[in-house]
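To start, the structure under review is shown below, and the notes come after it.
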Amino acid sequence: MASVLVVEDDQFVRSALIRHLTEAAHTVRSVGTALEALREVAQVGFDVVILDLGLPDLDGSEALKMLRGLSDVPVIVATARDDEAEVVRLLNAGADDYLVKPFSVEHLSARLSAVLRRAHSRTAAPAADALMQVGGLRIDVRRRLASLDGAALDLTRREFDLLAFLAARPGVVVGRRELLAEVWQQSYGDDQTIDVHLSWLRRKLGETAARPRYLHTLRGVGVKLEPPV
Numbered sequence: 001m002a003s004v005l006v007v008e009d010d011q012f013v014r015s016a017l018i019r020h021l022t023e024a025a026h027t028v029r030s031v032g033t034a035l036e037a038l039r040e041v042a043q044v045g046f047d048v049v050i051l052d053l054g055l056p057d058l059d060g061s062e063a064l065k066m067l068r069g070l071s072d073v074p075v076i077v078a079t080a081r082d083d084e085a086e087v088v089r090l091l092n093a094g095a096d097d098y099l100v101k102p103f104s105v106e107h108l109s110a111r112l113s114a115v116l117r118r119a120h121s122r123t124a125a126p127a128a129d130a131l132m133q134v135g136g137l138r139i140d141v142r143r144r145l146a147s148l149d150g151a152a153l154d155l156t157r158r159e160f161d162l163l164a165f166l167a168a169r170p171g172v173v174v175g176r177r178e179l180l181a182e183v184w185q186q187s188y189g190d191d192q193t194i195d196v197h198l199s200w201l202r203r204k205l206g207e208t209a210a211r212p213r214y215l216h217t218l219r220g221v222g223v224k225l226e227p228p229v
């Protein structure tokens, strides 16, 4: 099945998660602090991390950002904070999914399976057009590398997925709902989620929304990527 890192300081919750995941045939390691989690992720390969936000040494959202600096491992955040703004903030910070406490083991299993399916689909054998060129932008889907005018781009996993999805459809306007469904694998979400990632991506491409080169937003319609004129 999957190798799972549980990051949870509540011993009762931690033991229950370990028991359930082990019974579901997953390989489980667990820690109780953010710093231990960072060390584990840096030293051991995991298929998914379940991250509690209420950790004793670091706020979980800060731990999430630090994890994203180390690895693209899928992260499911476990939080008692259920307001929409907080959920959007966590997704923007790099979470792949979230669970609001208290949650059932059935709910955890469903979210875990969905995250693992998405991760598998990203690493499955790419299509024949694994190498894409749009103007000075070159994308190697197989190796997950991107460059602009010969200079490597330092992209997060989500930024790369967004860029590759748009580059595979040069000149085609893609609606926000389609982006959420295909890039974020979500049927729900806030436009802010897309806007934040587009802003970060534009910065790395050396452009702005006011002075676009590759990424063009059509208000109320969607986004397209095309080479500069």
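Residue numbers for the sequence shown follow our numbering, so the first one is 1 and each next one is one higher.
C-beta: ideal position from N, C-alpha, C; glycine also.
Owing to the predicted nature of the structure, the values given are computational and were not obtained by experimental measurement.
Quiz prompt | Alpha carbon of Gln11 to alpha carbon of Ile139, nearest angstrom | solution = Using only the alpha carbons, I get a separation of about 45 Å.
Practice problem: Tell me whether Thr79 is buried or exposed, calling it buried when 16 or more other Cβ atoms sit within 10 Å of its Cβ. | Solution: Label assigned to Thr79: buried.
Quiz item: Which of helix, strand or coil does DSSP assign to Met132?
Solution: The answer is strand: DSSP assigns Met132 an E or B state.
Quiz item: Under 8 Å, do Val44 and Val73 count as touching if we go by C-beta distance?
Solution: For Val44 and Val73, no; Cβs fall outside 8 Å.
Quiz item: Is there contact between the segment 54-66 and the segment 26-42, where contact requires at least three CB pairs shorter than 8 Å?
Solution: Taking one beta carbon from each stretch, the segment 54-66 and the segment 26-42 have 3 or more pairs nearer than 8 Å; the two touch.
Practice problem: Label His107 either buried or exposed according to how many other C-beta atoms from any shown protein chain fall within 10 Å of its C-beta, with 16 as the threshold for buried. | Solution: A residue is called buried once 16 or more other Cβ atoms fall within 10 Å of its Cβ, and His107, having fewer, is exposed.
Self-check item: First through last residue of the beta strand (DSSP E) which encompasses Val7
Solution: Segment 3-7, the beta strand (DSSP E) holding Val7.
Quiz item: First and last residue of the alpha helix (DSSP H) that includes Val88?
Solution: First-last of the alpha helix (DSSP H) with Val88: 84-92.
Quiz item: So is Arg271 buried or exposed if we call it buried at 16+ other beta carbons inside 10 Å?
Solution: Nothing about residue 271 can be reported from this structure: the residues present for the chain run from 1 to 229 only.
Quiz prompt | CB-CB length for Leu17 against Glu8, believed under 8 Å | solution = About 6 Å separates the two Cβ atoms, so the contact holds.
Quiz item: Per DSSP, what kind of secondary structure is Gly220 in: helix, strand or coil?
Solution: Coil, per DSSP.
Quiz item: Among Ala95, Val4, His216, which one has its Cα closest to the Cα of Ala167?
Solution: Of the candidates Ala95, Val4, His216, His216 places its Cα closest to the Cα of Ala167.
Quiz prompt | Residues near Lys204 by beta carbon distance below 6 Å, same chain, minus five either side | solution = These residues qualify, in order along the chain: Leu153.
Quiz item: Who are the Cβ neighbours of Leu218 in its own chain at under 6 Å, not counting the five residues just before and after it?
Solution: Counting only Cβ-Cβ distances below 6 Å, and skipping sequence neighbours, we find Val173.
Self-check item: Asp161 and Val134 closer than 8 Å at C-beta
Solution: At least 8 Å separates the beta-carbon of Asp161 from that of Val134.
Quiz prompt | Local Cβ density within 10 Å of Arg111, reported as buried at 16 or more and exposed below that | solution = With 16 or more Cβ atoms within 10 Å of its Cβ, Arg111 is classed as buried.
Self-check item: Through-space distance from Gly175 to Gly206, alpha-carbon basis
Solution: So the two alpha carbons sit approximately 23 Å from each other.
Practice problem: Evaluate Glu84 with the Cβ neighbour count: other Cβ atoms within 10 Å of its Cβ, from every protein chain shown; 16 or more gives buried, anything less gives exposed. | Solution: The residue in question, Glu84, is exposed, as its Cβ has fewer than 16 Cβ neighbours within 10 Å.
Self-check item: DSSP bridge partner residues for Ala98 (one or two, in chain order)
Solution: For clarity, residue 98 is Tyr in the given sequence; the question names Ala instead. In the DSSP output, where bridge partners are listed per residue, Tyr98 has Val77.
Quiz item: Does the separation of the CB atoms of Val77 and Tyr98 fall below 8 Å?
Solution: The Cβ-Cβ distance between Val77 and Tyr98 falls below 8 Å.
Quiz item: Under a three-way DSSP split, which group does Val28 fall into?
Solution: Collapsing the DSSP output to three states places Val28 in a strand.
Exercise. Give the range of the beta strand (DSSP E) segment to which Ser147 is assigned.
Key: Its beta strand (DSSP E) spans residues 145-148.
Quiz item: Is Asp161 helix, strand or coil when you go by DSSP?
Solution: Looking at Asp161 - three-state DSSP - the assignment turns out to be helix.
Practice problem: Just mark Leu70 as buried or exposed, buried being the case when its beta carbon has 16 or more other beta carbons within 10 Å. | Solution: With fewer than 16 Cβ atoms within 10 Å of its Cβ, Leu70 is classed as exposed.
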